[in-house]
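> If you want the working numbering, it's the 1-based position in the sequence shown plus 4. Positions of the beta carbon are idealized from the N, C-alpha and C atoms, including for glycine.
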Amino acid sequence: MKGRKTLIIALAAAVMVVSTAAAAVAHSRSNRTVIGAPNRVKMVAPKNGDVRWILPGVRKLDPAIFGTPGNPLRTDLIPEAMRAVDGDLYTTAGPTPFSDNSAPIEGHARVKVKDVTSVAGSTTQDKINAKFEFTSPDGETEYTVVVKDALPEIPDHENFGGVGVNALQHGATGIGTPLMPQLMAYIAFWGPADLYVNGELQNGGDDQMRFVHFMLSERVRSSVDDGYTLAFDDQVDPEGSLQAHLILPPVALTSAGPTGSPVPTGFTLPNGAEQPFLHIMFDTVKVNR
């Protein structure tokens, strides 16, 4: 059972990288630039702000996208074998990185991006300079994630040359996992990351870095008092406070391409398994251009 749960987590996280092949783009357009380039944006999540660690758990599936047990939709995105029935709705069949389960942690972050290239391609002029520091829920482990480069393209969906500013993503957009609701990402990036756990670099060398996706978005989770639940599309709050998302799925970037690889979090779950991904939410953020 433990192995099955770990596998489901890994499969669900991999959805964010591989589930949108139908939306793949022609990667020969890397010379296109955004209007007004370069667009520079900075974000800071200060110390002593609200930061939460997302724990594995099932994701309730939005009936507007995935249908109901009586009328299933978009089984190309989430096959019925990966769904479970919960009354009149679907959930995922097992735990994912997009659950309503979370724990408070300590952390802070700084992000600087420059958006020049408008679409994915073999090269990019986009730039990322980002650093995230945070603890495990039990406070016993410290993590540092450093991102210095943008990925000009990823295998199966548009990534705007590595950095996107003011872009719709997730939901049924074909950009990113459909397990997240459709949202406006005021900053989004995809890049290779160095991961340090208690000060020790966890990469397997320059040819094996961690894959990271980051967004600064409109609010997609309820308050902690209301369960910190992840919204469906029609529950996203464009008037609420902004939220920053950092996720490292169980994917490593190697010279041969992306490959499945659990993130070495060192954090043990109640079932005895090591959590194989990192999904960190920063709810106290400041933005300037």
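I'd like to know whether the C-beta atoms of residue 185 and residue 239 end up nearer to each other than 9 Å.
yes
> Counting only the same chain and skipping the five closest in sequence on each side, list residues whose C-beta sits under 8 Å from that of residue 76.
70, 84, 87 and 94
> According to DSSP, simplified to helix, strand and coil, what is residue 203?
coil
> Of all the options 81, 283 and 223, which has the alpha carbon lying nearest to the alpha carbon of residue 245?
223
> Among 199, 78 and 125, which residue has its Cα nearest to the Cα of residue 134?
199
> What separation, rounded to the nearest whole angstrom, lies between the Cα atoms of residue 288 and residue 264?
32 Å
> Give the DSSP-derived three-state secondary structure of residue 284 in the structure shown.
In this structure, residue 284 counts as strand in the three-state DSSP scheme.
> Near residue 218, what residues of its chain come up, given a Cβ to Cβ distance below 6 Å and the 5 sequence neighbours on each side ignored?
193 and 250
> DSSP has residue 161 in a bridge; who is on the other side?
According to DSSP, which records beta bridges pairwise, residue 161 is partnered with nothing at all.
> In the DSSP assignment, find the alpha helix (DSSP H) that holds residue 179 and state where it starts and stops.
From DSSP, residue 179 is part of no alpha helix (DSSP H); its letter is neither H nor E.
> Is it true that the CB of residue 168 sits closer than 9 Å to the CB of residue 237?
no
> Please classify residue 109 as buried or exposed, where buried requires at least 16 other C-beta atoms within 10 Å of its C-beta.
Classification of residue 109: buried, given that the 10 Å Cβ count is 16 or more.
> At 3 residues or longer, and completely inside the segment 109-142: list those beta strand (DSSP E) runs for me, N to C.
111-119 and 131-139
> Return the bridge partner residues of residue 77 from the DSSP annotation.
Per DSSP, none; premise fails for residue 77.
> Would the beta-carbon of residue 142 fall within 9 Å of that of residue 196?
no
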